[in-house]
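Numbering (the UniProt record's numbering), first residue to last: 1 to 214.
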């Protein structure tokens with residue numbers, strides 16, 4: 001843990017160093033990457049149609065993108081810079097394009113979802129669009145073998161997500177506790193206190209984000 005805190009301090013002083021929060025990958029995360037590798041050689045809608053796993057991975061990723069975009073828009077409302085607003089607008093446009101590809105693949109794997117989609121209105125946003133993942137249509141999907149398979153694949157991938165998030169949460173809570181008990185208490189001088197507080201805030205924000213994901 002002391003070594004990790006040292007890595008965090010070095011990263012704060014020099015951003016060219018690896019971010020320690022991005023260096024650990026759990027077994028569930030590795031499983032997640034292996035599933036996504038099904039469509040590495042393909043692009044666009046063809047990638048999503050490669051297999052039920054590739055299709056559902058895309059849907060779960062889009063769900064997370066929607067969540068992050070919604071949070072960032074709310075956080076920047078009224079206080080964001082022009083650059084930040086432009087970045088959000090660009091991400092929203094990219095999300096819209098990905099949603100079109102996702103729905104095209106969904107027409108093949110989940111035709112039950114077609115009739116559930118509402119006409120796109122001028123007030124709708126990409127981040128608020130319902131994806132209609134398998135669990136949203138569990139009843140009709142459970143009536144067919146292909147639908148049951150989709151539900152099973154989704155459950156397996158969601159389990160991998162939850163396991164990964166729980167592992168990250170345990171690690172992040174341990175780091176936060178360590179920083180709170182040692183770094184802040186041992187810091188002396190204004191610069192050291194400021195750096196310690198920044199580390200604590202960064203760890204707290206990271207922990208909160210993982211908790212929401214979980």
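Even glycine gets a Cβ: it sits at the ideal position worked out from N, Cα and C.
Item: Residue burial classification, residue 177 (beta-carbon count within 10 angstroms, cutoff 16); Value: exposed
Item: Residue closest to residue 127, alpha-carbon to alpha-carbon, out of 169, 164, 92; Value: 92
Item: First and last residue of the uninterrupted alpha helix (DSSP H) at residue 135; Value: First-last for residue 135: undefined, no H or E at that position.
Item: Pairwise C-alpha distance: residue 68 and residue 107; Value: 26 angstroms
Item: Which listed residue (112, 100, 58, 75) has its alpha carbon closest to that of residue 147; Value: 112
Item: Cβ shell of residue 72 (< 7 angstroms), same chain only, five flanking positions each side left out; Value: 88
Item: Buried or exposed (CB count within 10 angstroms, at least 16 for buried), residue 53; Value: buried
Item: DSSP three-state assignment for residue 100, whether helix, strand or coil; Value: helix
Item: Neighbourhood of residue 96 by C-beta distance below 6 angstroms, restricted to the same chain and skipping five residues each side; Value: 126
Item: Contiguous alpha helix (DSSP H) assignments of at least 4 residues, all confined to the segment 50-94; Value: 52-76
Item: heavy atom of the ligand SAH below 7 angstroms from residue 166 C-beta; Value: Among the components modelled here there is no ligand, and therefore nothing to report on the ligand SAH.
Item: Inter-residue Cα distance where the pair is residue 152 and residue 171; Value: 29 angstroms
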